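Heads up: the sequence shown begins at 752 in the working numbering, then just goes up one per residue.
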Amino acid sequence: MKENGLRKTLEAGKTAFGTFCILPSATVVEALGLSGLDFVILDMEHGPLTYQTCEELIRGAECGGAAPIIRVSDNRPELILRALDIGAAGVQVPQVGSKVEAERVVEAAKYAPLGQRGVSIFTRAGGYVGSPDHTERCNAQQMTVVHIEGMEAVQNIGEILETDGIDVIFLGPYDLSQSLGVTGQVDDPRVRGALESCAQKARDAGRFVGSYAKDANMAGWLHSIGVQYIAAYVDATAVSLFYRRLLDDLRGAVE
752 MKENGLRKTL EAGKTAFGTF CILPSATVVE ALGLSGLDFV ILDMEHGPLT YQTCEELIRG
812 AECGGAAPII RVSDNRPELI LRALDIGAAG VQVPQVGSKV EAERVVEAAK YAPLGQRGVS
872 IFTRAGGYVG SPDHTERCNA QQMTVVHIEG MEAVQNIGEI LETDGIDVIF LGPYDLSQSL
932 GVTGQVDDPR VRGALESCAQ KARDAGRFVG SYAKDANMAG WLHSIGVQYI AAYVDATAVS
992 LFYRRLLDDL RGAVE
């Protein structure tokens, strides 16, 4: 397992920027890395990606210089194991609402003594031949990211933070807004209050904090409350919006 540049960025106290990817194109992922993004989240929860396509996307991300993080579709050990074995720099797990669920993530993502991840050195993460320090390197380099996305998780954030082996607490503003009865209104004071409270508790517990920014203003506010791992947009959305704006400009220029 290679050294994780994303981890180094966060440990240095810097802010890391990334995006969600649903397009099954290694070329797109490589270009995103070359644009300067620190990480890409390969989204197997909301999108068509498979493990086979994700392996190619990981190669593209590595060529472009972005850390490839896989968001699995569910908190299941076989999904987490496969994501890490194909060489992801980390795994991002949705809808973690309790300490038991957080412990389940660590159990699947970390080798002993931190967890019980199934051992095979004959994987991409192990360079297909492994090394004597394979399990230690994976434990040290591959990151675990858990989503806090509903009021159950907000209420249980203290006990979730007691779980050793979690690197990033990712605060999901959209699912949280739905949980609060204001779906999509991520600037609502109740949503912001919950985000700020969880971010403070996570920082106090020595965890990195992540979240999603819908625009630069939201990114600035998230940074102000201690969020270092900031994801913005989705690759397909960014392409669509760029060409919509470009077409408006082109049509305006010829009218």
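Think of the CB as a built atom: it goes at the ideal place given N, C-alpha and C, for glycine as much as any other residue.
Computed from a predicted structure; not experimentally measured.
Beta-carbon gap between residue i and residue j smaller than 8 Å
| i | j | result |
| --- | --- | --- |
| Arg810 | Ala763 | no |
| Leu835 | Ala876 | yes |
| Val857 | Ile792 | no |
| Arg827 | Glu796 | no |
| Gly901 | Ser930 | yes |
| Arg868 | Ile920 | no |
| Glu910 | Lys850 | yes |
| Thr886 | Ala860 | no |
Residue nearest to residue i in terms of C-alpha spacing, selected from the options
| i | options | result |
| --- | --- | --- |
| Gln846 | Ala839, Arg855, Ala840 | Arg855 |
| Val960 | Ala987, Ala982, Glu754 | Ala982 |
| Arg888 | Glu852, Tyr862, Val985 | Tyr862 |
| Ala989 | Ala956, Glu754, Lys753, Gly769 | Gly769 |
| Glu852 | Lys753, Ser786, Val897, Arg958 | Val897 |
| Ala945 | Ala956, Val905, Tyr984 | Val905 |
| Leu992 | Asp966, Ser975, Val1005, Gly971 | Asp966 |
Residues near residue i by beta carbon distance below 7 Å, same chain, minus five either side
| i | result |
| --- | --- |
| Thr804 | Pro775 |
| Gly798 | Ile773 |
| Leu973 | Ser962, Ala964, Ile981 |
| Ser928 | Thr934, Gly935, Gln936, Val937, Asp939, Val942 |
| Arg833 | Tyr802 |
8 Å contact criterion, which residue i and residue j should meet: CB distance rounded
| i | j | result |
| --- | --- | --- |
| Ala767 | Gln951 | Ala767 to Gln951, Cβ: 20 Å. No contact. |
| Gly841 | Ile820 | 5 Å |
| Leu757 | Ala818 | 4 Å |
| Asn890 | Leu865 | 6 Å |
| Gly923 | Ile899 | 7 Å |
| Asp1000 | Val779 | That belief does not hold up - the Cβ atoms of Asp1000 and Val779 are roughly 23 Å apart, past 8 Å. |
Endpoints, beta strand (DSSP E) assigned at residue i
| i | result |
| --- | --- |
| Phe993 | Element bounds for Phe993: not the beta strand (DSSP E) but the alpha helix (DSSP H), 986-1005. |
| Ile821 | 818-822 |
| Leu793 | 790-794 |
| Ile920 | 919-922 |
Own chain partners of residue i with C-beta closer than 8 Å, once the 5 adjacent residues on each side are dropped
| i | result |
| --- | --- |
| Asp938 | Met969 |
| Ser824 | Met795, Glu796, Leu830, Pro845 |
Own chain, CB closer than 6 Å to residue i, minus 5 neighbours either side, in chain order
| i | result |
| --- | --- |
| Gly977 | Ala950, Arg954, Val960 |
| Gln892 | Met752, Asn755 |
| Gly881 | Ile872 |
Residue i, enclosing alpha helix (DSSP H) - first and last residue
| i | result |
| --- | --- |
| Tyr963 | Tyr963 -> not in any alpha helix (DSSP H); beta strand (DSSP E) instead, spanning 959-964. |
| Gln906 | 902-906 |
Residue-level contact to chain C via CB, residue i, 8 Å cutoff
| i | result |
| --- | --- |
| Leu793 | Of the protein chains in the structure, only one exists, and it is not chain C. |
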